[in-house]
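Worksheet for the structure shown next.
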Amino acid sequence: MHATLTSTTPWRPYIPLDNRSFYEQEYPQSNLPQRISNASYQNVLRQLPSLRLIVLGCARNVERNLDAFRSHMEPIINLFHSSSRILIFESDSKDKTVKKLRQWSRIE
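What the sequence shown shows, in numbering that gives the first Met the number 0, is residues 0 to 107, in sequence order.
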């Protein structure tokens, strides 16, 4: 037994409103902080303390690099709001990465 499919509405092709690739499209940015004007370096520095920065990182066997990373990141994060954080996720290190990260967190 065969059934015939019929449609009561005529077929229309789908025409996207924006045919650019998804990474080229511009999405609404109402949920983002207001864009900072880069009119002057000093003006930007005055506005940074009102913004919160979260730095995320992954770490595995990087004990020897942590001091350098810390010396670069802390001055940057100190420019931002005091609620800013550095979050580092460690995974299966065989050196003393975990111990070094714990020492860093206790200093804070």
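Backbone N, C-alpha and C fix where the C-beta goes; we use that ideal spot for every residue, glycine too.
Can you have a look at residue i and say buried or exposed, based on whether 16 or more other CB atoms are within 10 angstroms of its CB?
i: T96; result: buried
i: L78; result: exposed
i: L44; result: exposed
i: K99; result: buried
For residue i and residue j, what's the separation of their Cα atoms in angstroms?
i: V61; j: S92; result: 8 Å
i: L65; j: S29; result: 37 Å
i: S49; j: Q41; result: 14 Å
i: S39; j: Q46; result: 11 Å
i: E9; j: N18; result: Reading off the sequence shown, one finds Pro at residue 9, where the question assumed Glu. Those two C-alpha atoms are separated by around 24 Å.
i: P74; j: R101; result: 20 Å
Among the candidates the options, whose CA atom is the shortest distance from the CA of residue i?
i: I53; options: R63, F21, I76; result: I76
i: L16; options: T8, E25, W10, L65; result: E25
i: W103; options: S70, S90, H80; result: S70
i: D94; options: E73, M72, R63, P12; result: R63
i: S82; options: I14, N18, S90, R51; result: R51
Contact check, residue i vs residue j under 8 Å by CB: the rounded distance?
i: F88; j: A58; result: 7 Å
i: L55; j: L31; result: The pair is not a contact, with the Cβ atoms about 18 Å apart (cut-off 8 Å).
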